[in-house]
Amino acid sequence: MKSKKLMKNLRVGDTVILISGKDKRKAGLVKKVDRYGLQLLVEGVCVSKKHVKRNTSSQEDGGIVEKEAWISFSKIRKQ
């Protein structure tokens, strides 16, 4: 029950702190909230790297791209 209350209180633009994981004690702004999957995207936290192949049809460069990954709501605390 506590988890559902927490998700109702979170909105886009709120500041949250991670309480576990490799980015423990980092703070960031909420960018997106997935209420059904109980996950959220936090700006500048939990950044993963993805190797992207060059696309010749649209002239996009390949390489290593950094992007934010989804975080479970149980790993965050509202500031």
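Counting with my numbering, you get residues 4 to 82 for the letters of the sequence shown. A virtual CB, placed ideally from N, CA and C, is assigned to each residue, including glycine.
Beta-carbon proximity check, residue i vs residue j, cutoff 8 angstroms
i: Val-36; j: Leu-13; result: yes
i: Ile-22; j: Lys-81; result: no
i: Ala-72; j: Ser-51; result: yes
i: Ile-20; j: Gln-42; result: no
i: Val-68; j: Lys-53; result: yes
For residue j and residue i, the rounded distance between their alpha carbons
i: Asp-64; j: Lys-70; result: 16 angstroms
i: Met-4; j: Lys-34; result: Low local confidence applies: a pLDDT of 47 at Met-4 is under 50, so the model's placement there is unreliable, and no value is given.
Of the residues the options, the one placed nearest residue i, counting alpha carbons only
i: Lys-27; options: Cys-49, Thr-18 and Leu-41; result: Cys-49
i: Lys-25; options: Ser-61, Tyr-39, His-54 and Gly-47; result: Gly-47
Beta-bridge pairing of residue i - partner residues as DSSP gives them
i: Val-55; result: Gly-66
i: Asp-37; result: Gln-42
i: Leu-21; result: Ile-79
i: Ala-72; result: Answer is none; Ala-72 lacks a bridge partner.
i: Val-50; result: Glu-71
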